[in-house]
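Participant:
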Amino acid sequence: MLIGNNLKILRKHFGNSQEEMANLLKLTRSSYSGYENNVAEPSISTLVLLSDVYEISLDIILKKDLSLIPPENLNNLLNEQTDFTGSNLRILTNTVNQDDEEMIEMVPQKASAGYALGYSDPEYLKVLPTFSLPFLSKDRKYRSFPIKGDSMPPVSEGSFVVAEFVQNWMHIKNETPCIVVTEDEGIVFKVLYNNLIENQTFTLHSTNPFYKPYQVEAKSVLEIWKFVNYISPDLPEIKIDENQLGKSIQEIRQDLTTIMNKLK
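Counting in this note's numbering, the sequence shown runs from -7 upward without gaps.
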């Protein structure tokens, strides 16, 4: 019911006839009419083609009830919508070695300021240093990003986070540490909470409690990379809780008593 109504609303909004839509989809007019009248359901390939024709995400066709949106607001929705699922493939430029194997690009501190502009530019990426980690999956894309500030301990300033490219943002679970690339802030490393269904935003949290969480609109996000591991020049601080410390002191005392008794 929802798909048929949405197809009818979209067709009329863009000023197409059923005959024109049928020709674009290489269908008979009666077949296309069946979709709008909910007599039949379009195949996945037809839905993907409709997404391309209207230049909108499949989420709008499948999940959004367009009949509830006033006609004057429909244009804004269609123009501002973001493809959360990645069905319209996000631009991602890869670097390969002489054996045609994908490499991990490292974004140096000096180059990080321009990453939001050059992230899809082959000329920008080809000058970045690259490396490989043999224990990572060859079926996924990784990149390494510099960390600034003290908002995400134990990952300290000067470290590099190795992260996996996320194509479908709808799959991001709450409390997932991610590199988020935005138009305004550039590269940030935060713990994500996914609000796409509720209000098309992400909430970004720091592990340092002195930094307050904040929201970013999904439409301002350029890329998301899921944390895999990090490389740091510093050893993490070892902290022993009070109970463990007390136990260790007690064991030392017992050992000293044993030694003293043997000496006597």
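Built from N, CA and C at the ideal position, the CB exists for glycine as well.
To the nearest angstrom, how far is it from the Cα of residue 200 to the Cα of residue 183?
Facilitator: For residue 200 and residue 183, the distance between alpha carbons rounds to 11 Å.
Participant: So what's residue 153 in DSSP terms, helix, strand or just coil?
Facilitator: Residue 153 falls in the strand class under three-state DSSP.
Participant: Taking the C-alpha atoms as reference points, what is the distance between residue 88 and residue 195?
Facilitator: Cα to Cα, the separation comes out at about 34 Å.
Participant: Quick check on DSSP: helix, strand or coil for residue 203?
Facilitator: It is coil, neither helix nor strand.
Participant: Helix or strand or just coil, what does DSSP make of residue 12?
Facilitator: Three-state result, residue 12: helix.
Participant: Hey, how far is the Cα of residue 162 from the Cα of residue 188?
Facilitator: Computed Cα separation, rounded: 7 Å.
Participant: So, using beta-carbon positions, are residue 147 and residue 216 closer together than 7 Å?
Facilitator: In this structure, residue 216 does not lie closer than 7 Å to residue 147 by Cβ.
Participant: Less than 7 Å between C-beta atoms, sequence neighbours within five positions excluded: which residues of the same chain meet that for residue 107?
Facilitator: So the list reads 99, 173, 178, 179, once near-sequence residues are dropped.
Participant: Classify residue 145: buried if its beta carbon has 16 or more other beta carbons within 10 angstroms, exposed otherwise.
Facilitator: Flag for residue 145 reads exposed.
Participant: Measure from the alpha carbon of residue 116 to the alpha carbon of each residue in 126, 105, 160, 123, then state which is nearest.
Facilitator: Checked all of 126, 105, 160, 123; the closest Cα to residue 116 is 105.
Participant: Look up residue 1 in the DSSP assignment and say whether it is helix, strand or coil.
Facilitator: In the structure shown, residue 1 sits in a helix (DSSP, three-state: H, G or I).
Participant: Is it true that the CB of residue 66 sits closer than 7 Å to the CB of residue 5?
Facilitator: The answer is yes: Cβ separation under 7 Å.
Participant: With a threshold of 7 Å on Cβ separation, who are the neighbours of residue 81 within its own chain once the five nearest residues in sequence on each side are excluded?
Facilitator: In this prediction, residue 81 has a pLDDT of 44, which is less than 50 and means its spatial position is unreliable; nothing more can be read from the coordinates.
Participant: List, from N- to C-terminal side, the beta strand (DSSP E) runs of 3 residues or more that fit wholly inside the region 160 to 193.
Facilitator: Listed in chain order, the complete beta strand (DSSP E) runs (minimum 3 residues) inside the region 160 to 193 are 168 to 174, 178 to 187.
Participant: What residue does the alpha helix (DSSP H) around residue 88 start on, and which one ends it?
Facilitator: Segment: none, residue 88 is in no alpha helix (DSSP H) and carries neither H nor E.
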